[in-house]
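A.B. asks: Got a structure for you, questions after.
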Amino acid sequence: MAETFEAVIAEIATMFVYGYAPMEITLKRRAGPNPRDPLRHSRFSDGRIGIASLALRAQTSITRWDVDDRTGEIRGLWQQPISGPEIYLPAEKILLFRTTEERNNPEGRSLLRSAYRDWYFKKRIEEIEAIGVERDLAGLPVALMPSRFFAADADPAEKRLLQAWQTLVTSIRRDQREGVIIPSDRDASGHPLFDLKLLSSGGARTFDTTRIIDRRSRAMATSVLADFLFLGQQAVGSFALSSDKTALFATAVGAFARSICAVFNRRLVPLLWEANGWKPDALPMIVCGDIENPNIADLAQLLGVLAGAGATLFPDRELENHLRKLMGLPLAPEDDGLGADPAAGGTPADFGAIEWDSAGDEGEVA
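Count the sequence shown with this note's numbering and you get residues 420 to 785, in order.
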């Protein structure tokens with residue numbers, strides 16, 4: 420396959436953002452190495468049919484779907500490439516991964532849709548907060564002008580000057596280009612005819628925007644069962660709560676992993692079997708492993724309780740190797756006759772003893 424399996428899974432995972440991920444199937448005949456053509460390259464040269472590529476067809480390039488009006492069956496899709504006419508891909512050439520198959524919607528449902536409302540308000544509040552911070556640092560600009568400039572019968576020159584000052588006070592920023600030039604004329608009493616002041620805001624705001632933004636952020640994480648990311652950032656929380664939340668998240672991830680395997684088993688594996696002319700009764704299945712490993716301390720405690728209750732756990736090579744895998748230890752060596760205890764029961768032949776027949780000849784090793 421031209422892509423690594425990890426890259427294929429990463430492209431399938433785009434369904435979490437868009438709700439679906441259409442992957443085009445390209446087959447090849449396995450004719451040995453071909454470094455110049457990744458789609459024809461194969462480690463094997465047995466002449467069988469293999470997978471040349473599982474490539475994502477970008478969701479932004481999908482223009483419409485071909486759905487049977489009577490049965491609702493998805494028959495294919497149209498894709499708009501960067502240049503040229505639309506390309507039709509029949510359903511037989513596609514592995515369609517979806518977050519949900521509700522009402523057989525080919526585009527599923529994005530996991531981010533539930534977080535959109537909180538994201539929208541969070542973004543707006545952050546923008547308002549930034550404007551407020553800037554105004555608190557720079558102050559509120561206030562321009563003082565003679566009242567005749569505000570009169571309805573002011574001459575055009577005075578109206579243009581008023582408009583210029585309005586533009587000035589609304590565009591003042593504390594940056595490298597800050598600076599204002601104003602007339603120095605004064606009235607008969609010696610007061611400036613024009614003046615510009617920056618009023619600082621007094622007191623605290625009614626609303627704590629930080630708490631509001633944090634609440635929206637937690638709600639966004641909760642919508643995808645990822646609120647455990649915020650544990651430890653507050654004064655509340657416990658290990659038990661963290662364990663429960665991560666276990667729930669792992670359960671959801673495991674469900675999506677099984678749904679990915681189901682698409683492979685329903686479409687890709689039978690396609691390969693049929694292309695190679697193999698018997699359908701020997702059809703294999705792709706399965707996924709566990710998302711989380713059990714807690715070793717809890718597992719050891721459980722084994723101790725079972726042993727104390729009289730359960731016979733050992734010697735059991737299969738159980739021992741399973742426990743070794745969970746703990747990241749090497750597997751036990753193959754049974755050499757020393758892996759079990761004769762006192763635990765069994766015949767001498769069970770432990771490698773040599774049997775002799777009635778004539779005294781040596782028999783087979785049990």
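Think of the CB as a built atom: it goes at the ideal place given N, C-alpha and C, for glycine as much as any other residue.
Quick caveat: nothing in here was measured; it's all calculated off a predicted structure.
Leaving out five residues before and five after Leu-745 in sequence, what residues of the same chain have Cβ atoms less than 8 Å from its Cβ?
C.D. replies: Here the set comprises Asn-712, Pro-713, Ile-715 and Leu-718.
A.B. asks: Run the CB neighbour count on Ala-762, radius 10 Å, all protein chains shown included, and call it buried at 16 or more, exposed below.
C.D. replies: In this prediction, Ala-762 has a pLDDT of 48, which is less than 50 and means its spatial position is unreliable; nothing more can be read from the coordinates.
A.B. asks: In this structure, how does DSSP classify Met-420 when only helix, strand and coil are distinguished?
C.D. replies: Coil.
A.B. asks: According to the Cβ coordinates, are Pro-560 and Leu-612 closer than 8 Å?
C.D. replies: No, they are not a contact pair.
A.B. asks: Which stretch, first to last residue, makes up the beta strand (DSSP E) that contains Pro-689?
C.D. replies: Taken as a continuous stretch (DSSP letters only), Pro-689 belongs to no beta strand (DSSP E), being part of the alpha helix (DSSP H) at 688–695.
A.B. asks: Under 8 Å, with one C-beta from each stretch per pair, do the stretch 433–453 and the stretch 468–483 reach the 3-pair mark?
C.D. replies: With a cut-off of 8 Å, the stretch 468–483 and the stretch 433–453 count as touching, because enough Cβ pairs lie within range.
A.B. asks: Mapping the DSSP letters down to three states, classify Ala-645 as helix, strand or coil.
C.D. replies: Correct three-state label for Ala-645: coil.
A.B. asks: By Cβ distance, which residues of its chain are closer than 6 Å to Ala-671, with the 5 residues on each side in sequence left out?
C.D. replies: Taken in chain order, the residues that qualify are Leu-644.
A.B. asks: Counting C-beta neighbours from all protein chains within 10 Å, is the total for Tyr-535 16 or more, i.e. buried, or is it exposed?
C.D. replies: Exposed: under 16 other Cβ atoms inside 10 Å.
A.B. asks: Pick from Val-688, Asp-465 and Val-706: whose alpha carbon is nearest that of Asp-700?
C.D. replies: Answer by Cα proximity: Val-688.
A.B. asks: Return yes when the Cβ of Pro-525 is within less than 8 Å of the Cβ of Trp-484, no when it is not.
C.D. replies: Yes. Within cutoff.
A.B. asks: Buried or exposed: Ile-679, going by 16 or more other Cβ atoms within 10 Å of its Cβ?
C.D. replies: Buried, by the Cβ-count rule.
A.B. asks: Short of 8 Å in beta carbon distance, which residues of its chain neighbour Phe-683, apart from the five on each side in sequence? Order them along the chain.
C.D. replies: So the list reads Leu-514 and Ile-705, once near-sequence residues are dropped.
A.B. asks: Going by beta carbon distance, what residues of the same chain come within less than 8 Å of Ala-432, once the five residues before and after it are set aside?
C.D. replies: If we look at Ala-432 and ignore the five residues flanking it on each side, its Cβ neighbours are Ala-440.
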